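Counting from 17, one number per residue, gives the positions in the sequence shown under my numbering.
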Amino acid sequence: MQPEHLFQSFVTEIETADTKQALERLKAKYLGKKGSLNTILKGLGALAPEMRKEMGQRANQCKHRIAARISEKTEQMDRAEQETCLPWQDITLTPAITAGTDKTAGFHPATLIQRELEDIFISMGYEILDGPHIEDDYHNFEALNFPPGHPARDMQDTFWFRDGVHLLRTHTSCIQVRGMAEKKPPFRFVGPGKVFRAEATDPSHEMAFHQMEGMMVDKGLCVANLIYFMKELLNAVFGTNVDVRLRPGYFPFVEPGFELDIACLICKGKGCPVCKKTGWLELLPCGMVHPRVLSYGGIDPDIHSGFAFGLGLDRLVMMRYGIDDIRLIHSGDLSFVSQFAAY
Ligand code: FA5
17 MQPEHLFQSF
27 VTEIETADTK
37 QALERLKAKY
47 LGKKGSLNTI
57 LKGLGALAPE
67 MRKEMGQRAN
77 QCKHRIAARI
87 SEKTEQMDRA
97 EQETCLPWQD
107 ITLTPAITAG
117 TDKTAGFHPA
127 TLIQRELEDI
137 FISMGYEILD
147 GPHIEDDYHN
157 FEALNFPPGH
167 PARDMQDTFW
177 FRDGVHLLRT
187 HTSCIQVRGM
197 AEKKPPFRFV
207 GPGKVFRAEA
217 TDPSHEMAFH
227 QMEGMMVDKG
237 LCVANLIYFM
247 KELLNAVFGT
257 NVDVRLRPGY
267 FPFVEPGFEL
277 DIACLICKGK
287 GCPVCKKTGW
297 LELLPCGMVH
307 PRVLSYGGID
317 PDIHSGFAFG
327 LGLDRLVMMR
337 YGIDDIRLIH
347 SGDLSFVSQF
357 AAY
């Protein structure tokens, strides 16, 4: 091919190259080791000497023009990129406070309550553990005695990943599984964090909300120990005796299992949309750890027993601050969050 024809086809192609990757591909196609220009240059040896010099000059000219067009277009793209980017900012710097806009950041109410609870549990000898938001079927379900196909899995509407194995954790109970794998009894820990469920929202239900898991394993633990810790916790949070009721509750990973409800502090037990007109709010499901779950965790249920609980943190926030709609908590509305004192 004549170098001028090659240049023409390059000009047509570079018109439609609108990304840097496309330019790189063009560069390789025309100027690369195995590119079209090198093929022409390699063929020079086969030409008659008088043709060789002339063809060599034309090919080199073409090479320089192609290289120049590519770098020109790359520079254009760099400039366009810089124009669309926001100016660089160091977000770790304290912002300048302008007169009349003296708003400073504070902690989110869910963070405030979480930290307060952590302090209470640390004072009772608990450790704080963490776990990933993206879990697998084993940690979220199987090791908690929800075998595949078990109807109790339907209690928690789940966001699955396409691989059918990974999911957004539906509860913090997975931290029980991770804690047991890491520790030898006796131990006690809490695991706070965000959990996710594919469910319709209403004044007391969100799709992403917070829980705090708790687990204690030792020799000779029984329901009386569980109730003692739950009462201590609620008294410390509310600073007064709150009305609670304990009723049977089913969770495959505890036996016996309970629902601990708190008298709704929004309507003082009269009934409102938050408590679904019952006067009570489900806050703290709990129970004695199922022997099979202890065995999965490598703990001998004939020697050790344990209790576990899963506190709904957002609902606790609602009761504590008198918030009548859980959806406000994640709304990102500054007039809402700025009402809470810094910790
Ligand atoms: C559980 O998630 C169990 N893992 C709790 C548990 C742990 C039981 C250890 C026994 C032993 P449940 O689905 O009920 O259970 O949720 C626990 C708490 O999270 C509820 O009491 C409630 O306070 C809160 N909660 C549940 N669903 C939502 C939701 N959609 N929005 C806000 N809070 C919720």
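Positions of the beta carbon are idealized from the N, C-alpha and C atoms, including for glycine.
Predicted model only: the values in this text are computed from it and were never measured.
Limits of the unbroken alpha helix (DSSP H) element including residue 53:
In the sequence shown, counting from the first residue as 1, residue 53 sits at position 37. Note, residue 53: alpha helix (DSSP H), 52-58.
Output yes or no for whether 7 Å exceeds the beta carbon distance between residue 328 and residue 299.
Residue mapping note: residue 328 aligns to position 312 of the sequence shown, counting from 1. Residue mapping note: residue 299 aligns to position 283 of the sequence shown, counting from 1. Going by C-beta atoms, residue 328 is nearer than 7 Å to residue 299.
Going by C-alpha to C-alpha distance, which of 352, 290 and 353 sits closest to residue 220?
In the sequence shown, the residue the question calls residue 220 occupies position 204. For the residues 352, 290 and 353, the minimum Cα distance to residue 220 belongs to 290.
Is the closest heavy atom of the ligand FA5 to the C-beta of residue 325 under 6 Å?
Residue numbering aside, residue 325 sits at position 309 when the sequence shown is read from its first letter. Result yes, Cβ under 6 Å from the ligand FA5.
Determine the DSSP secondary structure at residue 210, reduced to helix, strand or coil.
What you label residue 210 is simply residue 194 of the sequence shown in a count that begins at 1. Residue 210: strand per DSSP, three-state reduction.
Is residue 351 near the ligand FA5, with its Cβ less than 6 Å from a heavy atom?
Position 335 of the sequence shown, counted from the first residue, corresponds to residue 351. Checking the Cβ of residue 351 against the ligand FA5 gives no.
Delimiting residues of the alpha helix (DSSP H) encompassing residue 181:
On the sequence shown, position 165 is the one that residue 181 refers to. From DSSP, residue 181 is part of no alpha helix (DSSP H); its letter is neither H nor E.
Give every residue of the same chain whose Cβ lies closer than 8 Å to the Cβ of residue 266, excluding the five residues on either side of it in the sequence, and list them in chain order.
Start at 1 with the first residue of the sequence shown, and residue 266 comes out as number 250. For residue 266, where only same-chain residues beyond five positions count, the Cβ hits under 8 Å are 168 and 273.
Can you list, in chain order, the residues of its chain whose CB lies under 8 Å from that of residue 238, leaving out five sequence neighbours each side?
Locating residue 238 in the sequence shown gives position 222, counting from the first residue. Closer than 8 Å at the Cβ level, and outside the excluded window around residue 238, lie 304 and 321.
Just to check, is the beta-carbon of residue 288 closer than 6 Å to a non-hydrogen atom of the ligand FA5?
For the purposes of this step, residue 288 is taken as residue 272 along the sequence shown, with counting starting at 1. Answer for residue 288: no, Cβ out of range of the ligand FA5.
Locate the beta strand (DSSP E) running through residue 281, then write down its first and last residues.
Translated into positions along the sequence shown, residue 281 becomes position 265. Counting along the chain, residue 281 falls outside any beta strand (DSSP E), and DSSP gives it neither H nor E.
With a CB to CB cut of under 8 Å and the five nearest residues on each side skipped, what residues in its chain are close to residue 63?
Within the sequence shown, residue 63 is the residue found at index 47, counting from 1. Cβ within range, chain order: 71.
Does DSSP put residue 304 in a helix, in a strand, or in coil?
The residue given as residue 304 occupies position 288 in the sequence shown. Reduced to three states, the DSSP call for residue 304 is strand.
Cα-Cα separation, residue 343 to residue 215
Mapped onto the sequence shown, residue 343 falls at position 327. Mapped onto the sequence shown, residue 215 falls at position 199. Roughly 13 Å separates the two Cα atoms.
Determine whether the beta carbon atoms of residue 253 and residue 278 lie at a separation below 7 Å.
Within the sequence shown, numbered from 1, the residue matching residue 253 stands at position 237. Within the sequence shown, numbered from 1, the residue matching residue 278 stands at position 262. Taking 7 Å as the Cβ cut-off, residue 253 and residue 278 do not qualify as a contacting pair.
With respect to the alpha helix (DSSP H) encompassing residue 333, which residues constitute its N-terminal and C-terminal limits?
One-based indexing of the sequence shown puts residue 333 at position 317. From DSSP, the alpha helix (DSSP H) with residue 333 extends over 329-337.
Which residue comes first and which comes last in the beta strand (DSSP E) that contains residue 151?
What you label residue 151 is simply residue 135 of the sequence shown in a count that begins at 1. It spans 150-152 - the beta strand (DSSP E) in which residue 151 sits, taken as one unbroken run.
Would you give the residue range spanned by the alpha helix (DSSP H) that residue 197 belongs to?
On the sequence shown, residue 197 is found 181 positions in, with the first residue counted as 1. Element bounds for residue 197: 190-198.
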